[in-house]
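So the structure is just underneath, and the comments pick up after that.
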Amino acid sequence: MISKINSFSINSTNFNGTPTIFDKFQKNLYQPESYLPQTNGSEALSNYNKVIVNKKDFNSEVQKLIISNIPEPTTLKGDEIETLEGEKLLNNDGTLGIIVVKGEKTSKEYYVDNENHRIDQIIERDNKTGTPLRIDSFGLMYNKLQSATVREFSPDTKNLVKETYFSDGKLFNIKTFDNDKEISNEFIRDGKLNYITVSDNKTGEITEYTIDDNGNVEEITIKNALNTNSKSIKIKDNKIEETREYKSEPIENIYGITPDNIDLKPSEFIEKPDITQLEGEKKFRSDNSLESLTVKDGDNKIQYHMDLKGNLEGIKYYDNDKLTKSVEYNLNGSSNITEYSDDKTSKITYFNKNKQVNLIILQDKESGEFVKSADFTADGKYLKSYEDKENPKYGELYLKFDQDKNLISAQNSKSTVKITKGEE
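Written out as structure tokens, the structure reads:
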């Protein structure tokens, strides 16, 4: 079966229970360099704040951070598999894999989800270079709501430059990426701009602007890389009304869990191999493009999966025909490795484009929800938080650590659920 380009595979994971972990991971994923400042947390925060708090016109300044040129989401009618006119490419097993619609300057590849009989991704490429320019990804219909993500790439650098999220056709969030910073605009209430977040890729510091219903700045929050120091600035009538500074202090660690002994260890990074140097069984699509290459070694085998342009997008490892590990290589240079155990869980390790660990999760195979997670800084050096939703002693446990591995925050709750069907 044709596997589409995995531009952001974490979308398939349900992160119920920790609303911020997905946002944290996205911020880390696109950080290009090690970002912890050489100064201590207080000094770094103080230096960063000097420019911001001295600005007199906050509303004018925030206007520069509003993202324009918002893309229109692609609308699907649901009958594209039958009605699209283009070249229909079959997988090696004979099932429909991709419908290619060629235009004058670009072509669109419609990837087919045969299990749910729908189009789940569209990749638009430049006809001359084959470079992806835009990727539309569509979530499954859930509670009558359809989610969609549009990712736009630079034709020159091939880097991801903009990412836009839609929920049921309405704009929810849009982000831009460059080497220096990431800017995010969030639209939560009635399609109005509610939050603007700027993440500094060099220092890791985050500045969040809260926008009122009239489009004016009402609060500015600045956090350091590990969120151990922060400053909240209340704005009224475009002037500073109140400033509060927060600093996290170490607390007693009664849980016996530290960054050094957490039970989630990262998978070993797997370099992208040169397919041309490998020999094995080749399978082709109906257009004669290479779909997969299988290399066997006794009862073990490794399958390499290619996209339409011959680029390696994933690897699967088998032991006696049982899938034990898989690797996904993403367009932005990041990757993730999933290890499948014999029990009810699988472990996923996410690496940024610099091969540094950003996130590890232990996922329930049946529900798709995570049961444990370890969230790291962008350079992979420091553990920011650890969560265990099923800790046998403490129930749902969430711990945060500082740069010196001290525990600075802990939350835990334990409860039972009684389910009664029918009359008692």
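For the sequence shown, the tail end lands on 750 under our numbering, and the numbers increase by one without skipping.
Positions of the beta carbon are idealized from the N, C-alpha and C atoms, including for glycine.
What you are looking at is a predicted structure, and each value in this text was computed from that prediction instead of being measured.
Would residue i and residue j qualify as a contact pair, given that the criterion is a beta-carbon distance under 8 angstroms?
{"i": "residue 474", "j": "residue 397", "result": "no"}
{"i": "residue 670", "j": "residue 691", "result": "yes"}
{"i": "residue 800", "j": "residue 511", "result": "What is shown of the chain runs 327 to 750, which leaves residue 800 out entirely."}
{"i": "residue 388", "j": "residue 581", "result": "no"}
{"i": "residue 410", "j": "residue 611", "result": "no"}
{"i": "residue 698", "j": "residue 711", "result": "no"}
{"i": "residue 639", "j": "residue 647", "result": "no"}
{"i": "residue 677", "j": "residue 687", "result": "no"}
{"i": "residue 753", "j": "residue 593", "result": "The chain is shown from 327 up to 750; residue 753 falls before or after that span and cannot be answered."}
{"i": "residue 443", "j": "residue 407", "result": "yes"}
{"i": "residue 417", "j": "residue 617", "result": "yes"}
{"i": "residue 520", "j": "residue 513", "result": "yes"}
{"i": "residue 608", "j": "residue 619", "result": "yes"}
{"i": "residue 487", "j": "residue 498", "result": "no"}
{"i": "residue 384", "j": "residue 680", "result": "no"}
Can you tell which of the options has its C-alpha closest to the C-alpha of residue i?
{"i": "residue 713", "options": "706, 705, 685, 707", "result": "685"}
{"i": "residue 405", "options": "568, 611, 438", "result": "438"}
{"i": "residue 537", "options": "716, 553, 518, 426", "result": "518"}
{"i": "residue 395", "options": "426, 477, 732", "result": "477"}
{"i": "residue 556", "options": "729, 734, 570, 566", "result": "570"}
{"i": "residue 668", "options": "683, 651, 658", "result": "651"}
{"i": "residue 457", "options": "485, 444, 445, 446", "result": "485"}
{"i": "residue 703", "options": "525, 583, 383", "result": "525"}
{"i": "residue 735", "options": "507, 553, 542, 590", "result": "553"}
{"i": "residue 566", "options": "543, 588, 505, 587", "result": "543"}
{"i": "residue 490", "options": "705, 482, 503", "result": "503"}
{"i": "residue 623", "options": "694, 645, 630", "result": "645"}
{"i": "residue 482", "options": "459, 464, 626, 494", "result": "459"}
{"i": "residue 509", "options": "583, 390, 480, 679", "result": "390"}
{"i": "residue 547", "options": "724, 568, 495, 447", "result": "568"}
{"i": "residue 402", "options": "413, 746, 448", "result": "448"}
{"i": "residue 682", "options": "694, 709, 673", "result": "709"}
{"i": "residue 636", "options": "615, 693, 621, 655", "result": "615"}
{"i": "residue 672", "options": "507, 659, 689", "result": "689"}
{"i": "residue 701", "options": "386, 540, 589", "result": "589"}
{"i": "residue 586", "options": "655, 660, 707", "result": "707"}
{"i": "residue 584", "options": "631, 715, 724, 541", "result": "724"}
{"i": "residue 413", "options": "493, 507, 613, 539", "result": "613"}
Decide if residue i is buried, meaning its Cβ has at least 16 other Cβ atoms within 10 Å, or exposed.
{"i": "residue 515", "result": "exposed"}
{"i": "residue 376", "result": "Only weak support is given to the placement of residue 376: the predicted model assigns it a pLDDT of 45, under 50, and the question is left unresolved by the model."}
{"i": "residue 366", "result": "Confidence at residue 366 is low in this model, with a pLDDT of 44, below 50, so the placement of that residue is unreliable and no value is reported for it."}
{"i": "residue 428", "result": "exposed"}
{"i": "residue 740", "result": "exposed"}
{"i": "residue 728", "result": "buried"}
{"i": "residue 657", "result": "buried"}
{"i": "residue 550", "result": "buried"}
{"i": "residue 533", "result": "buried"}
{"i": "residue 625", "result": "exposed"}
{"i": "residue 730", "result": "exposed"}
{"i": "residue 597", "result": "exposed"}
{"i": "residue 705", "result": "buried"}
{"i": "residue 649", "result": "exposed"}
{"i": "residue 461", "result": "buried"}
{"i": "residue 653", "result": "buried"}
{"i": "residue 733", "result": "buried"}
{"i": "residue 745", "result": "exposed"}
{"i": "residue 737", "result": "exposed"}
{"i": "residue 784", "result": "Nothing in the structure corresponds to residue 784, since the chain is present only between 327 and 750."}
{"i": "residue 747", "result": "exposed"}
{"i": "residue 386", "result": "exposed"}
{"i": "residue 693", "result": "exposed"}
For a cutoff of 8 angstroms on Cβ pairs, would you count residue i as touching chain D?
{"i": "residue 450", "result": "Judged by its chain identifiers, the structure shown contains no chain D, having just a single protein chain."}
- prompt: What are the complete alpha helix (DSSP H) segments, minimum 4 residues, inside the stretch 410 to 472?
  reply: none
field: the stretch 590 to 603 / the stretch 561 to 577 touching (three or more Cβ pairs under 8 angstroms)
entry: no
task: Determine contact between the stretch 427 to 436 and the stretch 445 to 457, defined as no fewer than three beta-carbon pairs at a distance below 8 angstroms.
output: yes
message: Contact between the stretch 711 to 725 and the stretch 559 to 568 is defined here as three or more beta-carbon pairs at a separation below 8 angstroms; is this criterion met?
response: no
field: Cβ pair count under 8 angstroms reaching 3, the stretch 414 to 424 against the stretch 527 to 543
entry: no
- prompt: At what residue ranges does the stretch 538 to 572 contain a whole run of the alpha helix (DSSP H), taking only runs of 4 or more?
  reply: none
message: Three Cβ pairs or more, each shorter than 8 angstroms: is that satisfied between the stretch 656 to 664 and the stretch 603 to 616?
response: no
task: Output the residue ranges of the alpha helix (DSSP H) runs that lie fully inside the stretch 462 to 531 and measure 4 residues or longer, sorted by chain position.
output: none
query: Unbroken beta strand (DSSP E) runs of length 3 or more, entirely within the stretch 583 to 630: which are they?
result: 607 to 610, 616 to 623
query: Counting only runs that start and end within the stretch 650 to 704, where is the beta strand (DSSP E) found for 3 or more residues in a row?
result: 661 to 666, 671 to 677, 683 to 690, 696 to 702
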